[in-house]
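Before any comments, here is the structure.
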Amino acid sequence: MFRTKGLIGLVIFAALVIAILLIFTDKWLESKIEEIGTDSNEALVEIDGLDFSIFGAHLKWNRLQVTDSDSTMLNSFETGKCAFDMEFFPLLSGKVIIENFQISGVKTGTKRAYDGAVKKTRQQNTKGESSFISGTMDRLNSEIANLPQYRFAAAVTKFNVDSLIAILDLRSPKMIDSVRIAAQEKYSYWDKQISDNSFENDIREIESKVQTIDLNTVKSLDKIPGILKNIQQIKTQSDSLTRKFESTRNMFNNDLAFIQSSYSNIDEWIEEDYQRAMSMAKLPEFNAQSLAKIIFGPSIINKVNTYLGYVETARGYSEEFSSTQPKEEKPPRFKGQDIYFYNQYARPDFWIKNIELSGETQKQVKVSGIVKDIISDQRFINRPTNVKIEADSKDGIDMLLTAVFNYLGEKPQEILTLNYSGFSLNNTKLSDSKFLPNNIREGVGIIDANFDIQGSEIIGNIGFKADNLKFDFDEGMKAENKFEEIIQEMITDIRLITVEATIRGVGNDLKFTVNSNIDKLLSDKLNSIIGREINDAKQKLMSKINAEVAKYKEAAEKVVREKETELKTKVEKYQTIVQEKVKLVEAKKKEVEDKKKKIEDEAKGNMLNIFKKP
Amino acid sequence: MFGFEILAKLFKILRSGSSPAQIAWGFNFGMIIGLTPLMSLHNLLILILVIVFNVNLSVVFFSIALFSGFAYLLDPLFHNFGYYLLTAPEFLQGFYTAIYNIPLIALSNFNNTVVIGSFISSLLLLTPFFFGVKSFVVVYREKIDPKLEKLKIVKIVKSSKIYGFYEKIRDWRD
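Line order of the protein sequences matches chains R and A. Each residue of the first sequence is one higher than the one before, starting from 23 at the first, in the numbering used here. Each residue of the second sequence is one higher than the one before, starting from 588 at the first, in the numbering used here.
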């Protein structure tokens, strides 16, 4: 049943494994730590001279280098010789417990022998509260991406009215032309109506009827009733003509009003075209806020996002270990998902109880600090992770960084404060923006920053002051355009720059504001000079649109002007004739009545004379 | 050639001197190693069992190769099953929490969904596979193999130059 050769083979195999472990564990562990560190740092992490004793549960190394992921030819920091002991028995359960970890010889900003850049492969944690952090980072990045800095200068200098008009496809000429055509149609209709109508015939008929009545031939009363009846008929006809004319005139006036109303829209249509052209041209409007963001926003966001990246990592781990019912993930094949089981009486999976660090930067600034309780699950010890790092130098540099990572409550909370003063700004740049391109020759900086992130709420304030400033103006940095000219002119006299940035956000609602004392100075200057150019560009655009539209407007105006006057004259002429004929009929009627009275009077006289004669 | 060699090897195993139980155990051990993630503590134990006990090694390797392919296909199912096992049964939570803190067992990575899902699946398949394979070997040796030997195609293959060449290489390797 047993394989004797197999047993011997197994013993040899086990001996080989132990030998290999003893020989190669250090190398394997070194490369494993480097791999994990590089992955989380997104830049090379290197350990030299790692020595691990499995039975002594002791680890030490000679040097650790952590590359600055933003500047990969520099190390964020490096350490000298470090050593720590782990508790042995927890190791058998895969738990790493470190009592005291002393990191000495810490140096920051050291130069690297070769580039520490790596291909970025780390995926962002997008679950739970930590997704708020990555969301906030994305929103802050988009704040910067959406700043008008790239079109700021180009908008005015590359502004081409002709190409813009070509793309724009003006709408007003077509609409004006349609007004002209509609007016022409209406005028033609009325021209025909007035020419073809029966006013002339009616007028002539009335006139001839009136003229046929010759009262001189009427000598007796018996003809008068017939004539009066005739006159009444003519009057009825003239009244009918008056009504018909009034009706026609009203309709004509309505159509004229309609044409006038359409015509009055022309200016609105031109204005609409102008507004569309303005929105397509994207001519910038300057304000202090956008300028401050353009100048200081990217570097602030860059620093804030670095900090938020650490917070996100810490939250990611805390969520992984604190969740009672972990959400099912979709891991890569053969990787699976680790489910964590919490037992308050057991040991945590990972715990560095105390880290003491000490060292010196390149500029002889002494750094010391304590990090307490880096732990996989804070519930085991019921206290948060605390960080306190101090730095000072003879030159007056003073720094205090404190951070609290608290994952004990219902909502995760991270609090960070940084007070950093007296640091030199010599040979540095305040911003990568082309609006502040000069190096600082001399200057001293102060930073006061605090962040409080609780659950999905972030409150952050960053204050920066650069004092005793003197900028470099070397020969090779001649202003290439108006913008640079303005900036250089302005910063010549600046000795103090203050920047106040605030970040406020709840959930998806994020507000990022930046204020600086140079905002006002810059925006006033820019508005006074560039504002003029923008106004010129706007005028140019308006003139071009007006020129494009003018021929159509002129043609429409001409139609309205000429035809309207012509038709109005015709209508007025007919109105006068109709009124004259009405008066003529009235006069004739009166004449007939007078004749009747005269005949009656004569008849009465004759009768009286007959009775007077003996 | 490789496929032919595997097939020939399989027939050779079925007709070898190993007992049906040895072949069935080899198949099952190979199945566990093949279905579960290779670098797991339980696989070290299986490997020790394979080396110590007189199971058919060729079957073990054949089975590992065969079930590794299935493991790739079934990985999402193992993950789902493992997630269910580790989170759903309330009564097991205390047990899991206890063994999570027991030295060495904690190193087994049992709290990984794919590890526990595939391991429990292979344990569930163990009994039916053991008896299934064992019965198949018996039936093959008693009924199928004599019939296969009499088949014309087998005779033709055996008398072919390629088979002769293969036998020479096999003998030379052995």
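Note that the Cβ used here is the ideal one computed from N, Cα and C, for glycine as well. Keep in mind that this is a model prediction, so the values were computed, not measured.
Cβ-Cβ distance between residue i and residue j below 8 Å
i, j, result
"R/ILE516", "R/ILE540", "yes"
"R/ILE249", "R/LYS603", "no"
"R/ASP420", "R/GLY444", "yes"
"R/PRO370", "R/SER340", "no"
"R/THR524", "R/GLY467", "no"
"R/ALA135", "R/THR94", "no"
"R/LYS394", "R/THR407", "yes"
"R/ARG202", "R/VAL581", "yes"
"R/LEU423", "R/LEU447", "no"
"R/GLY127", "R/THR89", "no"
"R/ASP417", "R/ASN461", "no"
"R/LEU606", "R/VAL232", "yes"
"R/LEU32", "A/ILE638", "yes"
"R/PHE318", "R/VAL521", "yes"
"R/GLN386", "R/SER415", "yes"
"R/LYS610", "R/ILE253", "yes"
"R/SER321", "R/ASP489", "no"
Per-residue burial, residue i [other beta carbons within 10 Å of its own, 16 or more giving buried]
i, result
"R/ASN557", "exposed"
"R/THR130", "buried"
"A/ILE689", "exposed"
"A/GLU677", "exposed"
"R/PHE46", "exposed"
"R/GLN359", "buried"
"R/ARG173", "Because the pLDDT of R/ARG173 is 46, which lies under 50, any placement of that residue in the model is unreliable, and the number read from its coordinates should be weighed accordingly. That one is exposed."
"R/PHE534", "buried"
"R/GLN171", "The pLDDT assigned to R/GLN171 is 48, lower than 50, so where the model puts this residue is not dependable; a value taken from the coordinates is nonetheless given after this. So R/GLN171 ends up on the buried side."
"A/GLY586", "Here chain A covers residues 588 to 761 and nothing more, so residue 586 of chain A does not appear."
"R/ILE288", "buried"
"R/ASN272", "exposed"
"A/SER695", "buried"
"R/TYR367", "exposed"
"R/LEU43", "exposed"
"A/ASP761", "Confidence is the limiting factor: at A/ASP761 the pLDDT is only 49, short of 50, which leaves the residue's position unreliable, though a coordinate-based value still follows. So A/ASP761 ends up on the exposed side."
"R/GLU432", "exposed"
"R/ARG405", "exposed"
Interface residues of chain A facing residue i [CB-CB closer than 7 Å]
i, result
"R/GLY116", "ALA693, LEU694"
"R/PRO353", "HIS666"
"R/GLY358", "HIS666, GLY669, ASN699, THR700, VAL701, VAL702"
"R/ALA368", "ASN688"
"R/GLN347", "THR674"
"R/GLU350", "TYR670"
Those residues which DSSP pairs with residue i across a bridge
i, result
"R/VAL536", "R/ALA523"
"R/LEU440", "R/LEU423, R/ALA471"
"R/ILE125", "R/CYS104, R/LEU379"
"R/GLY485", "R/ASP470, R/GLU522"
"R/ARG85", "R/ASP70"
"R/LYS394", "R/ASN376, R/ASN408"
"R/THR450", "R/ILE462"
"R/ASP531", "R/VAL528"
"R/ALA65", "R/ALA139"
"R/GLN435", "R/ASN428, R/GLN476"
"R/ALA569", "Paired residues: none, contrary to the question."
"R/THR130", "R/PHE99"
"R/SER75", "R/HIS80"
"R/PHE493", "R/ILE462"
"R/ALA413", "R/VAL389, R/MET421"
heavy atom of the ligand PLP below 7 Å from residue i C-beta
i, result
"R/GLY527", "This structure lacks the ligand PLP, and indeed carries no ligand of any kind."
Within chain R, the residues that residue i reaches when beta carbons sit closer than 7 Å
i, result
"A/LEU673", "ILE361"
"A/PRO624", "PHE356"
Proximal residues of chain R, C-beta to C-beta of residue i below 8 Å
i, result
"A/VAL639", "PHE24, ARG25, GLY28, LEU29, LEU32"
"A/ILE689", "SER115"
"A/ILE651", "In chain order: nothing, as chain R lies at least about 15 Å away."
"A/ILE635", "LEU32"
"A/ASP662", "ARG355, PHE356"
Within chain A, partners of residue i - CB distance below 9 Å
i, result
"R/PHE111", "PRO690"
Neighbour list for residue i in chain R, Cβ cutoff strictly below 9 Å
i, result
"A/TYR659", "ARG355, PHE356"
"A/THR684", "PHE363, TYR364, ASN365, ALA368"
Just to confirm the assignment: which complete beta strand (DSSP E) runs, minimum length 3, are found wholly within the region 238 to 294 of chain R? none
If you scan the region 306 to 360 of chain R from start to end, which runs of the alpha helix (DSSP H) of 4 or more residues do you find wholly inside it? 310 to 344
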